[in-house]
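*Asks:*
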Amino acid sequence: MKRPFAAIGLLLLLWSAGDAGPAAGKASASGGFPHTVRVRLWYLHPPRELRVRADAGQAQLRKCATCKPAVLTTLALHAAGSSLQVEGDKSATAELRISGSYQMNAAGEPPLRADFPIEVRANDGHLLITALMPMEEYVAGVLAGETGNFKSDEALKAMAVAARTFAMHFGSRHALDGFEFCDTTHCQDLRIAGIDGHLRSIAQATAGEILWYDGEPAAAYYAANCGGTSEDGRFILGNDEARAPFLRQHSDQYCVRSGGTQWRSEVSKRELQRALAAEGIVVPGTLRSVSVLHRTPSGRVEFLRVTGSGTVTVPALTLRSAVGRNIGWDRLKSNWYEVSDEGNRLVFHGRGSGHGVGLCQIGAEVMGEEGHSYREILSFYYPGTKLGISAQGTPWQQLANEDVELLTTQPDRDKALLTVATRYMHESEESTGLVYRSAPRLKIYATVAAFRNSTGEPGWVAASTRGRTIQLQPSEVLREAGTLESTIRHELLHMLIESYARPGTPLWFREGLVLYLAGPKPQASPSNGLEDVAALEKALRAPATEEQLRAAYAEAQSRVAQLERQHGKQALLDWVQNGLPTEIASGTRAHDGR
Ligand SMILES: [Zn+2]
Ligand SMILES: [Zn+2]
C-alpha cells in the first residue's frame, strides 16, 4: 500500500465552515475509490439555457481547467451549436467551469442549489452539464431520487449502501461520454433538489461502506417491490454482473406484509400494437391476442406470444419497455402478471413493481420498521456479500463515554482514544472558557482510500471536521507520523471554536487561533507569498499543495500569535463571538520586530 503521508511532521488539517457537502472539485482518486463522481445533469432533457447566481460572492468561473478563475456573481448562458454564449460577452467559448457555492436555473426547471463544481459544454444547441459531486453527496441525492417516502432510517441506510455499491460497481457506464453517471434511472435517479440534512446524515452514517463479493464491489441491484419473491438476476438483466449468487431468487415475507403488491391495468390492443411497432416489432395484420409463452422459476413472464394474422415471440422485457415508453410506465409495473383478453382490450393482473432483482425497497422499509438493522436488511437481500469499507468486510463499531462518541472499524485498537479525546475536550474548555455545545463524534477510517473517498480530501490531509463529526485517517498511520494526539486535540479545539464563531469570521483567524491555543509557539514564518489576507484565506480554503497548506497554517498561526501579543488572549476569544475589528479582518500584516 502506498503511504504518501508517512512523512507528515506537522498537523495537516482542513476545516470547512458550514455543514454543506465536502469541498469538491479534486480529480478522481488514483486508488480504487473515487471520492468525486462525474454526473451528467439533465441527461434526458439537456437545457438550452442556464442562469447561475453566486451565493454572496462565493463562486468562481473559469474558461478552462488551467485558466485563471474569475469571481462569479451572476451568469446567463446558452448553447449556440457546440459552443457556449455568455450573455454580455461577444466571444463564444467551448467550455465553462463553475465552482463554489451557487444556484443554477435551467429554463423551465426549479432552481438548484449547488456547492460542487460543474463543467459546461455544448452540443447541437444543448448544454451538457457535468457535476463533480463528492461521493457521499451523490449518495444523498440518489436517496432523494430513489427512496421516495421511506420512513425507516435503517432502510434508508441499507439503500445508501446499495446505491454507493451500485455506483462503485457500474462506475464506467458512460465513460466514453466523459462522465460516470447520468441522473436518470438508467444509472440511478439523482434528485439534487431533494437533498436535505437528514439524507446527508444517512449517507454519512454509512460513509464509505459498500457490499463486497469476491473482493469486488457487488452488483447491488435494487427494485421497488418484488411482490413476494425476488427474481434471479440472470433472467431479467441478462448481463454478466447479474449472474451473481447473491442475486438468486428467494421469497420475501416482508414486502407482502405491506400489502399493495397487487395491481391491475388495461391496455388496448391497438395501443399495444403501435407501441410494439415503435420499438421495431411488427405484428402481422391486426393484433388479436397476447399469451404467456414461458415464465422464469419465480413466476415472472419471460416470453410472450403475440398473434395477429401470424405470430411473433416477444421477450417480456421488450414488451414492458415498449408499453412503458409509448403508453406509460404505470401500465406494466412488473413482468409478474397474468394476461387476459377482453374484446379489444388486454387486462393484466400483476404483482410487484420493477425487475425484482436484489434489494426490495418495500420489503427493506418493512424490515426497518420492524426493528431490523441496515446490516440485517442488506444480508437478507444480498446473501453472501460482505458489508465493509474494505474488501475484508469490516463495518463501523460505535464506542462512547458521556463526552465523546467514537466510530471505528477496530474498537480494540482505538478505544483508548476515547480517554484521550475526553482529556483534550476538558483542556480546550479550560483554555477558552467555552463549553462544548454537542458531543464530538470521532470517525476513524480503516484505510486511507476510505478516508479519501468519504471526505473528498487528498491523502495528505490528516483529518476533516464538519459539524460535530471529526473524520480521521487510520489511527496507526497518524500514530506513526507522530501526530495522532495532536490531530485529535487540534480538531476538538476547532469544533469548539467553530460552534461559537460569528458567521463571516475569516478562516485564517479561526485556524490561527486554534493553532495558537494548541501551541507550540510558532517559528518565525519566512516570506511565503501569503502576506495578503485574501491570498492566505484562499490557500487555507483550497490549497494547491501540501507545502502551500503548511505555509498557510504557519502564517495564520503567526498572525494570531502577534495579535495575542498586542491585544491579549481574551480579546481574541471575544472577537470569535463578536466579530473581528475591521482593520484586523482586512489588514495586511504589521511587523512587530521579528
Ligand atoms: Zn446512465
Ligand atoms: Zn419484496
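Take any residue in the sequence shown, note its place counting from 1, add 396, and you have its number in the numbering used here. Glycine residues also receive a C-beta, built at the ideal position from the N, C-alpha and C atoms.
I'd like the span of the alpha helix (DSSP H) that includes V652, first residue to last.
*Replies:* Locating residue 652 in the sequence shown gives position 256, where the first residue counts as 1. Residues 649-653.
*Asks:* Compute the distance between the beta-carbons of L480 and L468, then report whether it is under 8 Å.
*Replies:* Locating residue 480 in the sequence shown gives position 84, where the first residue counts as 1. Locating residue 468 in the sequence shown gives position 72, where the first residue counts as 1. No, they are not a contact pair.
*Asks:* What does the alpha-carbon distance come out to for the pair V929 and N974?
*Replies:* As a position in the sequence shown, residue 929 is number 533, starting the count at 1. As a position in the sequence shown, residue 974 is number 578, starting the count at 1. Taking the straight line joining both Cα atoms gives about 20 Å.
*Asks:* Which value, in whole angstroms, describes the spacing of the CA atoms of L969 and L911?
*Replies:* Within the sequence shown, numbered from 1, the residue matching residue 969 stands at position 573. Within the sequence shown, numbered from 1, the residue matching residue 911 stands at position 515. Spanning the two alpha carbons is a distance of roughly 13 Å.
*Asks:* What number of angstroms, rounded off, separates the C-alpha of V995 from the C-alpha of C460?
*Replies:* Residue 995 is absent from the structure shown; the chain starts at 397 and stops at 990.
*Asks:* Apart from the five residues just before and just after R447, which ones in its own chain have a Cβ nearer than 6 Å to its Cβ?
*Replies:* Counted from its first residue, the sequence shown places residue 447 at position 51. So the list reads A472, N501, once near-sequence residues are dropped.
*Asks:* Would L868 and K839 be called neighbours here (beta carbons separated by less than 8 Å)?
*Replies:* Counted from its first residue, the sequence shown places residue 868 at position 472. Counted from its first residue, the sequence shown places residue 839 at position 443. Their beta carbons are under 8 Å apart, which means L868 touches K839 by this criterion.
*Asks:* Taking L945 as the reference, which of N924, L524, S694 has the closest Cα?
*Replies:* Taking the first residue of the sequence shown as position 1, residue 945 is located at position 549. If we check each option's Cα against that of L945, N924 comes out closest.
*Asks:* Look up R444 in the DSSP assignment and say whether it is helix, strand or coil.
*Replies:* Indexing the sequence shown from 1 puts residue 444 at position 48. Here R444 sits in coil by DSSP.
*Asks:* What does DSSP give as the partner residue(s) for N621 in the beta ladder?
*Replies:* Residue mapping note: residue 621 aligns to position 225 of the sequence shown, counting from 1. Partner(s): S749.
*Asks:* In whole angstroms, what is the alpha-carbon distance linking G915 and R809?
*Replies:* The sequence position of residue 915 within the sequence shown is 519, counting from 1. The sequence position of residue 809 within the sequence shown is 413, counting from 1. Roughly 27 Å between the two C-alpha positions.
*Asks:* Residues in the same chain with beta-carbon distance under 6 Å from W659, minus the five sequence neighbours each way, listed in chain order, please.
*Replies:* As a working mapping, residue 659 is identified with position 263 in the sequence shown. These residues qualify, in order along the chain: K729, G746.
*Asks:* Rounding to the nearest angstrom, what Cα-Cα distance links K422 and Q966 in this structure?
*Replies:* Numbered from its first residue, the sequence shown carries residue 422 at position 26. Numbered from its first residue, the sequence shown carries residue 966 at position 570. Low local confidence applies: a pLDDT of 26 at K422 is under 50, so the model's placement there is unreliable, with the coordinate-based value given in what follows. Answer to the nearest angstrom: the Cα atoms are 38 Å apart.
*Asks:* Tell me where the beta strand (DSSP E) around V708 begins and ends.
*Replies:* Translated into positions along the sequence shown, residue 708 becomes position 312. Taken as a continuous stretch (DSSP letters only), the beta strand (DSSP E) holding V708 covers 707-711.
*Asks:* Can you list, in chain order, the residues of its chain with a C-beta nearer than 7 Å to that of V679? Leave out the 5 residues immediately preceding and following it.
*Replies:* For the purposes of this step, residue 679 is taken as residue 283 along the sequence shown, with counting starting at 1. Closer than 7 Å at the Cβ level, and outside the excluded window around V679, lie Q669, L672, V702, G704, V708.
*Asks:* Measure the C-alpha to C-alpha separation of D726 and P693 and round it to an integer number of angstroms.
*Replies:* Working through the sequence shown from its first residue, we reach residue 726 at position 330. Working through the sequence shown from its first residue, we reach residue 693 at position 297. Approximately 25 Å, taken between the alpha carbons.
*Asks:* DSSP state of P916, grouped into three classes?
*Replies:* Here the question's residue 916 lines up with position 520 in the sequence shown. Here P916 sits in coil by DSSP.
*Asks:* Less than 7 Å separating the Cβ of R569 from some heavy atom of ligand 1?
*Replies:* For the purposes of this step, residue 569 is identified with residue 173 of the sequence shown, where counting begins at 1. At least one heavy atom of ligand 1 is nearer than 7 Å to the Cβ of R569, so yes.
*Asks:* Between the alpha carbons of G754 and E894, how many angstroms are there, rounded?
*Replies:* Taking the first residue of the sequence shown as position 1, residue 754 is located at position 358. Taking the first residue of the sequence shown as position 1, residue 894 is located at position 498. Cα to Cα, G754 sits roughly 43 Å from E894.
*Asks:* Who sits around ligand 2, taking every residue whose Cβ is closer than 5 Å to one of its heavy atoms?
*Replies:* C622, D648, C651, C756, G759
*Asks:* Have a look at A760 and F642 and give me their C-alpha separation to the nearest angstrom.
*Replies:* Start at 1 with the first residue of the sequence shown, and residue 760 comes out as number 364. Start at 1 with the first residue of the sequence shown, and residue 642 comes out as number 246. Taking the straight line joining both Cα atoms gives about 16 Å.
*Asks:* Applying the criterion that 16 or more other CB atoms from any shown protein chain within 10 Å of the CB defines a buried residue, is D511 buried or exposed?
*Replies:* Stepping through the sequence shown from its first residue, residue 511 is reached at position 115. Classification for D511: buried.
*Asks:* Starting from H963, follow the alpha helix (DSSP H) in both directions and report where the run begins and ends.
*Replies:* As a first step, residue 963 is located in the sequence shown; it is residue number 567 there, counting from the start. It spans 942-963 - the alpha helix (DSSP H) in which H963 sits, taken as one unbroken run.
*Asks:* For G477, is the classification buried or exposed, using 16 other Cβ atoms within 10 angstroms of its Cβ as the cut-off for buried?
*Replies:* Within the sequence shown, numbered from 1, the residue matching residue 477 stands at position 81. The residue in question, G477, is exposed, as its Cβ has fewer than 16 Cβ neighbours within 10 Å.
*Asks:* What residue range is occupied by the uninterrupted alpha helix (DSSP H) comprising E533?
*Replies:* Taking the first residue of the sequence shown as 1, we reach residue 533 at position 137. Note, E533: alpha helix (DSSP H), 531-542.
*Asks:* Hey, which residues come within less than 5 Å of ligand 1, measuring from Cβ to any heavy atom, in chain order?
*Replies:* C578, H582, C583
*Asks:* Spatial neighbours of G706 within its chain, please: C-beta separation below 6 Å, excluding the five flanking residues on both sides.
*Replies:* In the sequence shown, residue 706 corresponds to position 310, counting from 1. Within the same chain, G706 has close Cβ partners P680.
*Asks:* What did DSSP end up calling T561 once you bin it into helix, strand or coil?
*Replies:* Working through the sequence shown from its first residue, we reach residue 561 at position 165. In the three-state reduction of the DSSP assignment, T561 falls in the helix class, which pools H, G and I.
*Asks:* If you check the beta carbons only, do V663 and R716 fall under 8 Å apart?
*Replies:* Taking the sequence shown and counting its residues from 1, one reaches residue 663 at position 267. Taking the sequence shown and counting its residues from 1, one reaches residue 716 at position 320. With respect to the 8 Å criterion, V663 and R716 are not classified as neighbours on the basis of their beta carbons.
*Asks:* For the beta strand (DSSP E) containing H474, name the first residue and the last one.
*Replies:* Here residue 474 is taken as the residue at index 78 of the sequence shown, counted from 1. 470-476 is the extent of the beta strand (DSSP E) around H474.
*Asks:* Could you tell me which residues DSSP pairs with N519 in its beta bridges?
*Replies:* Here residue 519 refers to the residue found at position 123 when the sequence shown is read from its first residue. Note: N519 sits in a beta bridge opposite H522.
*Asks:* Let me check one thing: in DSSP terms, what residues is I514 bridge-paired to?
*Replies:* As a first step, residue 514 is located in the sequence shown; it is residue number 118 there, counting from the start. DSSP lists I494, A527 as partners of I514.
*Asks:* Over the uninterrupted alpha helix (DSSP H) stretch that includes L814, give me the two end residues.
*Replies:* Mapped onto the sequence shown, residue 814 falls at position 418. L814 -> alpha helix (DSSP H) spans 812-828.
*Asks:* Taking the straight line between their C-alpha atoms, what separation do you get for M564 and K464?
*Replies:* Counting from one through the sequence shown, the residue named residue 564 turns up at place 168. Counting from one through the sequence shown, the residue named residue 464 turns up at place 68. Those two C-alpha atoms are separated by around 33 Å.
*Asks:* Rounded to whole angstroms, what's the CA-CA distance from S824 to T815? Just pull it up for me.
*Replies:* Numbered from its first residue, the sequence shown carries residue 824 at position 428. Numbered from its first residue, the sequence shown carries residue 815 at position 419. S824 and T815: Cα-Cα distance of roughly 14 Å.
*Asks:* If the criterion is Cβ atoms closer than 8 Å, does the pair L552 and T781 meet it?
*Replies:* Numbered from 1 along the sequence shown, position 156 holds the residue referred to as residue 552. Numbered from 1 along the sequence shown, position 385 holds the residue referred to as residue 781. Contact flag unset, no.
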